[in-house]
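S.K.:
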Amino acid sequence: MKEIVVGSVAPAPVGRWGAAPPQELLERMKDYGQEGAFALWDELSPEDRELLVRDIESLDLSRIDRIIRRSLGSQGFTLPTVEPVPESSVSKVEERSPEDKERWWKKGLKAISEGKLAVVLLAGGQGTRLGSSDPKGCFSIGLPSGKSLFQLQAERILCVQKLAAQSSDSPNNIVPIHWYIMTSPFTDDITRKFFESRKYFGLEAEQVTFFQQGTLPCISADGRFIMETPYKVAKAPDGNGGVYAALKSKRLLEDMSARGVKYVDCYGVDNALVRVADPTFLGYFIDKAVCSAAKVVRKAYPQENVGVFVRRGRGGPLSVVEYSEMDAAMTTEINQSTGRLRYCWSNVCLHMFTLDFLNQVANSLEKDSV
Numbered sequence: 004m005k006e007i008v009v010g011s012v013a014p015a016p017v018g019r020w021g022a023a024p025p026q027e028l029l030e031r032m033k034d035y036g037q038e039g040a041f042a043l044w045d046e047l048s049p050e051d052r053e054l055l056v057r058d059i060e061s062l063d064l065s066r067i068d069r070i071i072r073r074s075l076g077s078q079g080f081t082l083p084t085v086e087p088v089p090e091s092s093v094s095k096v097e098e099r100s101p102e103d104k105e106r107w108w109k110k111g112l113k114a115i116s117e118g119k120l121a122v123v124l125l126a127g128g129q130g131t132r133l134g135s136s137d138p139k140g141c142f143s144i145g146l147p148s149g150k151s152l153f154q155l156q157a158e159r160i161l162c163v164q165k166l167a168a169q170s171s172d173s174p175n176n177i178v179p180i181h182w183y184i185m186t187s188p189f190t191d192d193i194t195r196k197f198f199e200s201r202k203y204f205g206l207e208a209e210q211v212t213f214f215q216q217g218t219l220p221c222i223s224a225d226g227r228f229i230m231e232t233p234y235k236v237a238k239a240p241d242g243n244g245g246v247y248a249a250l251k252s253k254r255l256l257e258d259m260s261a262r263g264v265k266y267v268d269c270y271g272v273d274n275a276l277v278r279v280a281d282p283t284f285l286g287y288f289i290d291k292a293v294c295s296a297a298k299v300v301r302k303a304y305p306q307e308n309v310g311v312f313v314r315r316g317r318g319g320p321l322s323v324v325e326y327s328e329m330d331a332a333m334t335t336e337i338n339q340s341t342g343r344l345r346y347c348w349s350n351v352c353l354h355m356f357t358l359d360f361l362n363q364v365a366n367s368l369e370k371d372s373v
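When the letters of the sequence shown are read in order and numbered with this note's numbering, they come out as residues 4 to 373.
1) Determine the direct distance from the alpha carbon of V293 to that of R106, and round the result to whole angstroms.
2) Where in the stretch 176-248 do unbroken runs of the alpha helix (DSSP H), each at least 4 residues long, occur, reported from the N-terminal end onward?
3) Out of curiosity, what's the CA-to-CA distance linking N350 and R195?
4) Assuming G263 contacts K119 (C-beta within less than 8 Å), just tell me the rounded distance between them.
5) Compute the Euclidean distance between the alpha carbons of L155 and V272, then round it to the nearest angstrom.
6) Indicate whether F198 and V211 have their beta-carbon atoms separated by less than 8 Å.
7) From the DSSP output, which residues share a beta bridge with T357?
8) Figure out for me which residue from G242, A275, T335 has the closest Cα to the Cα of A303.
9) Quick check: the Cα distance between F284 and A248, rounded to an integer number of angstroms?
10) Mind checking which residues open and close the alpha helix (DSSP H) that includes S436?
11) Please determine if the stretch 212-228 and the stretch 60-71 are in contact, where contact requires at least 3 C-beta pairs separated by less than 8 Å.
12) Within 10 angstroms of its Cβ, does C162 collect 16 or more other Cβ (buried), or is it exposed?
13) State yes or no: is the C-beta of E369 within less than 8 Å of the C-beta of K251?
14) Taking three-plus beta-carbon pairs below 8 Å as touching, is the stretch 315-322 in contact with the stretch 253-267?
15) Please confirm whether Y346 and V309 have their CB atoms less than 8 Å apart.
16) Quick check on DSSP: helix, strand or coil for R315?
17) Compute the distance between the beta-carbons of Y183 and L256, then report whether it is under 8 Å.
18) Relative to the C-alpha of G242, which residue among R301, L124, D359 is closest?
19) Using the Cα positions of C3 and A126, report the straight-line distance between them to the nearest angstrom.
20) Less than 8 Å separating the beta-carbons of F356 and V267?
21) Report the residue from P174, M230, K165 whose alpha carbon sits nearest the alpha carbon of L206.
22) Just reading off the alpha helix (DSSP H) that L146 is part of, what are its end residues?
23) Taking 8 Å as the cut-off, decide whether the C-beta atoms of A297 and H354 are in contact.
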């Protein structure tokens, strides 16, 4: 008579990591209060456990913890004393003489013709508020031509290149403006294919460099990692502010230096009116011998949802206060001498930097590990 074993079930394979997460990694996660990422470990297949371990090992946990602590520490944060931007810090183009504007225009074109300007486009966002999941730059704004934002901006670069060449001693020698386009994991592939399928809108493929911004884990209100799946931490792009670390980590600041770049025009993709590589702005920037500058637009009305430039502290540095940080009094305060809003100069993401300044910022962020 054969022996019959009833109810015997072979144990589930535990895989490379055994029945528990790697001890050293688990202890590190406990140190940062993130051990909850392993909550469903027992239910995962060996393959999914491998994916989870690799995903967590890819994270810079100490840096992420510092960012989370700063974020949580800013909750309920009271805005420090701020002052309006001094009038002396704002140059209104319409109030400048034709001679000034002509001088800036020529100075900017000269620098461009010498290859001293690069352009950085912040294009990591999806067009969700435009009713599309595609990258914002792919969006057609409804022009009769059907041109996308990417095409409008590429054609402006082409135009400025020609103007710079015509103003130089070698009008037939067009010096390409190198275009660095920051994407995100969600927009990178589509953006690259969009440019390739349209032959870079007339630009040389070699003058366009795509690079991805970083990502950070999504966290709950108490600072815990949110899981996209039981074996993957949810992540999101680190915003426009991630451009400094991305340029540094991808060694693109070195690339700019090797190309002879001295100045960098940086702007956001969702701007159909942007004057990419604006010679006047560049010439003004060079003329003033500053390391950073921004184009600003006067707020249209008090409740307009836009951040504004301020001076933090008495005589402190210029900074941006987001509209969500402004109370009703600050939003509506009137400058009695002008009859206009006291805090009126909006940040529309149009910046000019020296390459030296970008290197300083990137190095300081790396030093502070933020």
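Note that CB positions come from ideal geometry on N, CA and C, so glycine has one too.
M.R.: Looking at the atomic coordinates:
1) Cα-Cα distance, rounded: 17 Å.
2) Secondary structure within the stretch 176-248: the alpha helix (DSSP H) runs of 4 or more consecutive residues, fully enclosed, are 191-200 (chain order).
3) Those two C-alpha atoms are separated by around 28 Å.
4) Their Cβ separation, rounded to whole angstroms, is 6 Å, which keeps G263 and K119 in contact under 8 Å.
5) Distance between the alpha carbons of L155 and V272 is about 10 Å.
6) The answer is yes: Cβ separation under 8 Å.
7) According to DSSP, T357 bridges with Y266.
8) Cα-wise, what sits closest to A303 is T335.
9) About 25 Å.
10) Given that the chain is displayed from residue 4 to residue 373, the structure contains no residue 436 and the question cannot be resolved.
11) Verdict: yes, contact present.
12) Label assigned to C162: exposed.
13) At a Cβ-Cβ threshold of 8 Å, E369 and K251 count as neighbours.
14) Judged by pairs of C-beta atoms under 8 Å, the stretch 315-322 does not touch the stretch 253-267, as fewer than three such pairs exist.
15) Against a cut-off of 8 Å, the Cβ pair of V309 and Y346 comes out as no contact.
16) In the displayed model, R315 falls within a strand according to three-state DSSP.
17) Contact flag unset, no.
18) Of the candidates R301, L124, D359, the one whose C-alpha sits nearest the C-alpha of G242 is L124.
19) No answer is possible for residue 3: the residues shown for the chain start at 4 and end at 373.
20) It is a contact, given that the beta carbons lie within the stated cut-off.
21) Considering only alpha carbons, the answer is K165.
22) Premise fails: L146 is in no alpha helix (DSSP H) and is neither H nor E.
23) Between A297 and H354, the C-beta spacing is below 8 Å.
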